[in-house]
Amino acid sequence: MAAVNCLFFKLSHSRHLKPSRPSFSCSASQPSQNNIKVIINGAAKEIGRAAVVAVTKARGMELAGAVDNHFLGEDIGLLCDMEEPLEIPVVSDLTMVLGSISQGKEVGVVIDFTDPSTVYENVKQATAFGMKSVVYVPRIKPETVSALSALCDKATMGCLVAPTLSIGSILLQQAVIMASFHYNNVEIVESRPNALDLPSPEATQIANNISNLGQIYNREDSSTDVQARGQVIGEDGVRVHSMVLPGLPSSTQVYFSSPGDVYTVKHDILDVRSLMPGLLLAIRKVVRLKNLVYGLEKFL
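Pasting the structure below:
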């Protein structure tokens, strides 16, 4: 694995050169022109740190920048408990890092782990420098996705917005859609270690995926008056039960049944590292896009 070196530098003054602004430079001891240069925005978060390790170890990729508002100036490799420093400091200025990569006219991808309120401006900046974006920001609003789609269409620039980076979660959703054509009864049970949005976006998406397929579920128990029976999502009778207890894994189970038959699909997320195969797949796919794609499942 090539060592990556990043430093700040300032051009020297001479009679023929005007003073320039400080710049941010990254180089590798064994550089490859074909490597995808990856900038992680939100690098100090738990998922950002996992992404730093995954990108550093991945073939055909190089970590080119770590952006965050916390741990400024600290080496991102040491922050991620890697054996050796990467000599890439955490900085807060995304534009500075984008400018450094664009000067080399190399293929660059910005990973956005930030916040729904900043996603549009982040992708806009990346697009202005000719960079593709992978966005994994929970609770991103539909109107933001629409605005990003219009931006990417106008700039002919790729962007992948991923509601989930979990390949297991996507496979579960695909299995649920297949089963929904064969069963008349279904309920979703999810567990989460903490409460954010309930039902979770994943459970809501599963319910929406199997609605409007011409199937009405749970006809023998269609009452919505008993709160203990869970929340009905959509108009086709899909119930969701959400359990929140500290220490529980993020788990989703979908139960289908017919007389004498129960079919259960389950997926657990035990660690943020489970999202990294999906992230690396997203990076490799987005470099070929010229518009916005919503959902990683289109590439499985």
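Residue numbering for the sequence shown follows full-length UniProt numbering, starting at 1 and increasing by one per position.
C-beta: ideal position from N, C-alpha, C; glycine also.
Short Cβ contact (8 Å threshold) for residue i with residue j
i	j	result
Glu-74	Ile-170	no
Val-97	Asp-68	no
Ala-50	Val-272	yes
Leu-172	Leu-275	no
Ala-175	Val-265	yes
Met-234	Ala-207	The sequence given here has Gly at residue 234, not Met. Yes, they are a contact pair.
Thr-95	Gln-125	yes
Through-space distance from residue j to residue i, alpha-carbon basis
i	j	result
Thr-119	Tyr-136	It is worth fixing the name first, because residue 119 is Val in this sequence and not Thr. The straight-line gap from Cα to Cα measures roughly 10 Å.
Ser-180	His-70	45 Å
Gln-30	Val-55	With a pLDDT of 47 at Gln-30, under the threshold of 50, the predicted position of this residue should be treated as unreliable, though the coordinate-derived value follows. Roughly 16 Å separates the two Cα atoms.
Ala-58	Val-286	16 Å
Tyr-217	Ala-162	29 Å
His-267	Pro-138	19 Å
Pro-22	Ile-269	The predicted model places Pro-22 with a pLDDT of 40, which falls under 50 and marks its position as unreliable; any figure quoted below should be read in that light. Approximately 43 Å, taken between the alpha carbons.
Phe-24	Val-38	Residue placement at Phe-24 is flagged as unreliable, the pLDDT there being 46, under the threshold of 50; a coordinate-derived value is accordingly withheld.
Val-110	Val-189	35 Å
Gln-103	Asp-115	27 Å
Gly-99	Leu-72	19 Å
Gly-214	Ile-283	36 Å
Gln-205	Val-134	20 Å
Ser-92	Glu-46	17 Å
Lys-154	Asn-122	16 Å
Glu-106	Thr-127	14 Å
Asp-225	Ala-195	24 Å
Top-ranked residue by Cα proximity to residue i, from the options
i	options	result
Leu-160	Asn-218, Ser-146, Val-52	Ser-146
Asp-197	Ile-101, Ser-250, Leu-275	Ser-250
Phe-129	Thr-156, Asp-115, Val-186	Thr-156
Asn-185	Glu-220, Pro-193, Asn-209, Pro-201	Glu-220
Asp-236	Asn-209, Ala-66, Val-107	Asn-209
Ile-36	Leu-300, Pro-116, Tyr-294, Leu-280	Leu-280
Ser-200	Gln-231, Leu-213, Gly-214, Pro-116	Gln-231
Lys-141	Glu-121, Lys-45, Ser-117	Ser-117
Met-61	Gly-108, Glu-83, Glu-87, Met-82	Gly-108
Same chain only: Cβ atoms within 8 Å of residue i, ignoring 5 sequence neighbours per side
i	result
Pro-277	Ile-167
Proximal residues to residue i (C-beta, below 6 Å), its chain only, five neighbours per side dropped
i	result
Gly-158	Lys-132, Val-286, Leu-289, Lys-290
Leu-292	Leu-148, Ser-149, Cys-152, Cys-159
Gly-295	none
Ser-191	Met-243, Leu-248, Ser-251
Gly-48	Ile-40, Gly-42, Phe-113
Neighbourhood of residue i by C-beta, 7 Å cutoff - its chain only, sequence neighbours within 5 removed
i	result
Ile-177	Asn-209, Ile-210
Val-52	Ile-40, Ala-43, Leu-63, Ala-66, Ile-76, Cys-80
Leu-78	Pro-85
Tyr-183	Phe-256, Ser-257, Ser-258, Tyr-263
Cutoff 8 Å: residue i Cβ touching any chain B Cβ
i	result
Arg-139	Of the protein chains in this structure there is only one, and it is not chain B.
- Item | Length-filtered (4 minimum) alpha helix (DSSP H) runs lying within the UniProt domain "Dihydrodipicolinate reductase N-terminal" (36 to 163) | 46 to 57, 76 to 79, 94 to 103, 119 to 128, 142 to 155
- Task: Quick one: which unbroken alpha helix (DSSP H) runs of 4-plus residues sit fully inside the UniProt domain "Dihydrodipicolinate reductase C-terminal" (170 to 300)? Chain order, please.
- Result: 201 to 209, 276 to 286
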